[in-house]
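Per the numbering used here: the sequence shown = residues 150 to 1143.
Cβ atoms here follow ideal geometry from the backbone N, Cα and C, with glycine treated the same way.
Notes for the one structure printed next.
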Amino acid sequence: MASVKLCTSNNEISLQLNDDVLGLIVFKSDLHDPSSNLITWNEDDENPCSWKYIKCDPTTGRVSEVSLDGLGLSGKMNRGLEKLQKLQFLSLAHNNFSGNISPELSLISGLKKLNLSHNSLSGRIPAALNLSSIRFLDFSENSISGPIPETLFQNCFSLRYISLANNFLEGPIPSTLQKCASLSGLNFSNNHLSGNPDFVNGFWLLKRLRTLDLSKNAFSGPVPKGVSALHNLKELHLQGNHFSGSLPADLGLCPHLIHLDFSNNMFSGTLPDLLQRLKFVTFFSLSNNKLTGDLPQWIGNLSSLEYLDFSSNAFTGNLPVWLGDLKSLNYLSLSDNQLTGALPVTLGYCSKLLRVQLRGNSFNGNIPKSLFDLGLEEVDLSGNRFTGSLPPGSSRIFESIRILDMSENKLTGVIPAEMGLSSHLQYLNLSWNNLRSRLPPELGYFQNLSMLDLRNNVIYGSIPEDLCESKSLAILQLDGNSITGLIPEEIGNCSSLYLLSLSNNSLNGPIPKTLSRLKKLKILNLELNELTGEIPQELGGLNNLLAVNISYNRLTGRLPTGGVFKSLGQSSLKGNLGICSPLLKGPCKMNVSKPLVLDPYSYTNQMGGSGSNSAPKSSDSVKSRQHRFFSVSAIVAISAALLIVLGVVVVTLLNVSTRRSLAFVDNALESICSSSQGSGISAAGKLVMFDSKSPSNDWVHNAETLLNKASEIGRGVFGTVYKASLGGQGRTVAIKKLVTSNILQNPEDFDREVRILGKVKHPNLMTVRGYYWSPTLQLLISDYAPNGSLHSKLHERPPSTPSLSWSNRFKIALGTAKGLAHLHQSFHQPIIHYNVKPSNILLDENYNAKISDFGQARLLTKLDKHVISSRFQSALGYVAPELACQSIRINEKCDIYGFGVMILELVTGRRPVEYGEDDVVILSDHVRVLLEQGNMLDCVDPSMTEYPEEEVLPVLKLGLVCTSQVPSSRPSMAEVVQILQVIKTPIPQRMEAF
150 MASVKLCTSN NEISLQLNDD VLGLIVFKSD LHDPSSNLIT WNEDDENPCS
200 WKYIKCDPTT GRVSEVSLDG LGLSGKMNRG LEKLQKLQFL SLAHNNFSGN
250 ISPELSLISG LKKLNLSHNS LSGRIPAALN LSSIRFLDFS ENSISGPIPE
300 TLFQNCFSLR YISLANNFLE GPIPSTLQKC ASLSGLNFSN NHLSGNPDFV
350 NGFWLLKRLR TLDLSKNAFS GPVPKGVSAL HNLKELHLQG NHFSGSLPAD
400 LGLCPHLIHL DFSNNMFSGT LPDLLQRLKF VTFFSLSNNK LTGDLPQWIG
450 NLSSLEYLDF SSNAFTGNLP VWLGDLKSLN YLSLSDNQLT GALPVTLGYC
500 SKLLRVQLRG NSFNGNIPKS LFDLGLEEVD LSGNRFTGSL PPGSSRIFES
550 IRILDMSENK LTGVIPAEMG LSSHLQYLNL SWNNLRSRLP PELGYFQNLS
600 MLDLRNNVIY GSIPEDLCES KSLAILQLDG NSITGLIPEE IGNCSSLYLL
650 SLSNNSLNGP IPKTLSRLKK LKILNLELNE LTGEIPQELG GLNNLLAVNI
700 SYNRLTGRLP TGGVFKSLGQ SSLKGNLGIC SPLLKGPCKM NVSKPLVLDP
750 YSYTNQMGGS GSNSAPKSSD SVKSRQHRFF SVSAIVAISA ALLIVLGVVV
800 VTLLNVSTRR SLAFVDNALE SICSSSQGSG ISAAGKLVMF DSKSPSNDWV
850 HNAETLLNKA SEIGRGVFGT VYKASLGGQG RTVAIKKLVT SNILQNPEDF
900 DREVRILGKV KHPNLMTVRG YYWSPTLQLL ISDYAPNGSL HSKLHERPPS
950 TPSLSWSNRF KIALGTAKGL AHLHQSFHQP IIHYNVKPSN ILLDENYNAK
1000 ISDFGQARLL TKLDKHVISS RFQSALGYVA PELACQSIRI NEKCDIYGFG
1050 VMILELVTGR RPVEYGEDDV VILSDHVRVL LEQGNMLDCV DPSMTEYPEE
1100 EVLPVLKLGL VCTSQVPSSR PSMAEVVQIL QVIKTPIPQR MEAF
């Protein structure tokens, strides 16, 4: 100890160095280091200057830099870092640090760079954080919430760059920001900041600002004048807000502006002429606004433009010839406007152009040949009125083109043979034109083509044998043409094909057996041709096949015994010469020369004989055979129903004690709440809102009053849901009062798990907005769905209210699938819903599906048998059969089963289990039997008067596949999304007979 008291400079340095060692060791003590990156940090060392990721100042010997980026560290930031009094650079980015930002960082007086981005930090930004010396501050990609403290920018004179992007920040931007006179870069994007920013007294005073990013927030109102004060501004990002009014004209007075993005707002009016002064702008996007008027001539003077996107507005008039002056342009999108006239030849002067999107206008005339002499990668001219022929193109476009969509025009002529030289082409759509051409054999040269759509033209000739040489083709649609000849045996080489549609042509000959090699095939349309012979039995082995239509051909003989063929409806078979099926009337013709014994369980011996000359039996015999056929199906259905009813009875008995226990706990909590007065709940509780202004104190202090007065709108396994308004905001939300008996009681654990749920963002998932926690009461706050639940629309609809249309039902099914696929695929550990059913599918004002209750099992202390048992009771009919056993294995396949039942409910309008006087009807069995009988229309909800049969049938079959008893036979949710999108692929309206 004596040496410690010596006043030598060496001993002083030794003490200081030990402070650095102490601070770093204390900091390390709260960290989890799975890869042992910090193994060199040894507390016995005299100084840390030799440690990895540490740098010291050679003059003072003190730690000057700590850089731990991307090391997979987790834990919380403790007070150890405050010992590093000479620290200048601290970077902990791309790790998994959690908890709050340590306010003690303000004690490091000389800190210049602070980077805590890409972590899991939560809580609020410390109001006491001292920015007096900090030049670089990055808190982006965390879960920081609440408003930006007004005092944060009191001493920000040194600040050069700040990013708070991708958090849950809310409220206005502090007016004190104007004090950051040295600021050159600011990024507040992807938050929930709101209001109309006071640009004049804030941003417009930041004379050195070069980059301003306020994108994807909730700012509204017009952009005030004064932006011209930002003389050094280079990038301005305001996209994804609610700005309205006219575009700020004085933007044209920012001479250095190179990036301007005002897309996805509500700007209106015409383009201000003052914008023509932006001589150096390279990126200019105004898409998805309400702008009007003609495209001004002066845009041709913006010679530096590389990216121009004015799509989805209401621009009118012709496309001006000035486009040819944009020599640097590589991306042009004017889609979905009201533009007319011919494309100017000068468009071909844009020698660097790579992507052209002009779909959804009213352009006419010929397509300029000069356009196809460029090295384009993407061309989308669909949905216009172009006439004439396809330009043959030059070698440049053949070497570069990847996407070519010319559909829904009035093009004539032939498909240029040179198009087969496009070795990089992936997407080719020439459908709905008047092309009169053979199928060029050169199409087989495509090496990367995945989608070929030539529907509804006048294509003739035969299908090239080498069409699938590349083996990458996934979608082939040739419907509505005049194609003749055989379906080539080589079609079996299309190993990636999942949609094959050749309907309404003049194809003849047999269906090739090689189709059985297409293991990914999901939809097969061969109707309205002249195909003959029997359907190859091998096609029954296509387990992924969901929909087949072979109607109106000349097919005979038996159907394959496996796969989708077991449940083909009458509409998929009718109009043939003699297919052997109990669903079809008329003679059954077999192309065999000797007797053939059929499977009595599949075909019920309906034929009078085995040969082609067998005479039909009497009507009584036919009725007898039909009776035997239906009896087999009935026996199967009744047996399955008895097994399920037995399981339900057992589970119900197991639930009795559990429900009584949960009811007792719930009643006890109600008693506690009702006996407390004033602010009793909030005194020991905490309210956290992720993305909106916090409710008033009155709202918080009277939480029990809120629950008593609010309308109850639902009950579930995890608790009761109420409709309420946030105090002082007028915003309607849904509040779930959680059943506390099984919920995490540690507030930090509860906070962590709810924040994880809050970060789960998807258009088809109900967003968790915040929570309230106290020892006796836990609430989850989320958005309110104005159209209620799918359950209420299907089963609680008043007679005077119209039923859901098919378009809305399909949109709900696809949206739900997308939401579940996001939960299953977008996280390191898949989020399993556990309880997919219509009451958990909520509907917004546009009938978009919003999945609720996802991930709430994360809030449970454990998935004990009581909770699981209770879940069986609440989700009767939706529970996957494998969960009925003792060794419960919960995975994504359980969600898929519930989704399948929900699909069947959507189409039929019936409940998953219905009880009659003498029997129990299981929906999936009921649908399966009706499909086997060919009475598909009997499955459809009678309240739905109009629906496309070609969509309803495959959706029903998809529901049956998802409810397979064998989990491995159910598709993934990603595959379900793909299948639904394929089902929705536009198909031409058929003749009335079809």
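Check: Residues near P252 in its chain [Cβ-Cβ closer than 8 Å; skip 5 each side]; Outcome: P275, A277 and L278
Check: Bounding residues of the beta strand (DSSP E) (the contiguous stretch that carries L584); Outcome: It is not in any beta strand (DSSP E) - L584 carries neither H nor E in the DSSP assignment.
Check: Run of the beta strand (DSSP E) containing I1000, from where it starts to where it stops; Outcome: A998 to I1000
Check: Alpha-carbon to alpha-carbon, G389 and L260; Outcome: 34 Å
Check: Buried/exposed call for V1126, threshold 16 Cβ in 10 Å; Outcome: buried
Check: C-alpha distance - N287 paired with L488, whole-angstrom precision; Outcome: Here residue 287 turns out to be Asp, not Asn, going by the sequence shown. If I take the Cα positions, the gap works out to 44 Å.
Check: Buried/exposed call for D169, threshold 16 Cβ in 10 Å; Outcome: buried
Check: Bridge-paired residues (DSSP) for A119; Outcome: Limits of the chain in this structure are 150 at one end and 1143 at the other, which puts residue 119 out of reach.
Check: Span of the alpha helix (DSSP H), counted from its first residue to its last, around M600; Outcome: Where M600 is concerned, there is no enclosing alpha helix (DSSP H), although the beta strand (DSSP E) it sits in stretches over M600 to D602.
Check: First through last residue of the alpha helix (DSSP H) which encompasses E897; Outcome: P896 to G907
Check: Span of the alpha helix (DSSP H), counted from its first residue to its last, around C499; Outcome: Neither: C499 is in no alpha helix (DSSP H) and is coded neither H nor E.
Check: Residue closest to D399, alpha-carbon to alpha-carbon, out of F392, N414, G172 and L420; Outcome: L420
Check: Segment contact flag, the region 920-932 with the region 972-982, C-beta cutoff 8 Å, min 3 pairs; Outcome: no
Check: Cα-Cα separation between K1133 and M1051, rounded to whole angstroms; Outcome: 18 Å
Check: Simplified DSSP assignment, three categories, for G682; Outcome: strand
Check: N657 - DSSP class collapsed to helix/strand/coil; Outcome: strand
Check: Inter-residue Cα distance where the pair is S294 and V903; Outcome: 13 Å
Check: Supposed contact pair R918 and M838 - C-beta distance, whole angstroms, cut 8 Å; Outcome: 6 Å
Check: L1129 burial status per 10 Å Cβ neighbour count (16 or more: buried); Outcome: buried
Check: The region 441-454 / the region 467-477 touching (three or more Cβ pairs under 8 Å); Outcome: yes
Check: Own chain partners of S477 with C-beta closer than 8 Å, once the 5 adjacent residues on each side are dropped; Outcome: T431, S452, S453, L454, E455 and K501
Check: Straight-line Cα distance separating T208 from S158; Outcome: Below a pLDDT of 50, predicted positions are generally treated as unreliable, and S158, at 42, falls in that range; the measurement from the model is reported next regardless. Roughly 14 Å separates the two Cα atoms.
Check: CB of L270 within 8 Å of CB of I283, strictly; Outcome: no
Check: S482 in three-state terms, based on DSSP; Outcome: strand
Check: Three-state class that DSSP yields for A1123 in the structure shown; Outcome: helix
Check: Touch test, the region 182-199 against the region 235-250, Cβ-Cβ under 8 Å, three pairs minimum; Outcome: no
Check: Collapsed DSSP secondary structure at I636 in the structure displayed; Outcome: coil
Check: Delimiting residues of the alpha helix (DSSP H) encompassing Q1082; Outcome: L1072 to Q1082
Check: Contact set for S556: own chain, Cβ-Cβ below 6 Å, skip 5 residues either direction; Outcome: S531, N578, S580 and W581
Check: C-alpha distance - G968 paired with H940, whole-angstrom precision; Outcome: 18 Å
Check: Neighbourhood of F176 by C-beta, 7 Å cutoff - its chain only, sequence neighbours within 5 removed; Outcome: N227, G229 and L230
Check: Coil, strand or helix - N264 by DSSP; Outcome: strand
Check: Buried/exposed call for E1100, threshold 16 Cβ in 10 Å; Outcome: buried
Check: A378 - DSSP class collapsed to helix/strand/coil; Outcome: helix
Check: C-alpha distance - N191 paired with N316, whole-angstrom precision; Outcome: 36 Å
Check: Three-state secondary structure (DSSP) of N467; Outcome: strand
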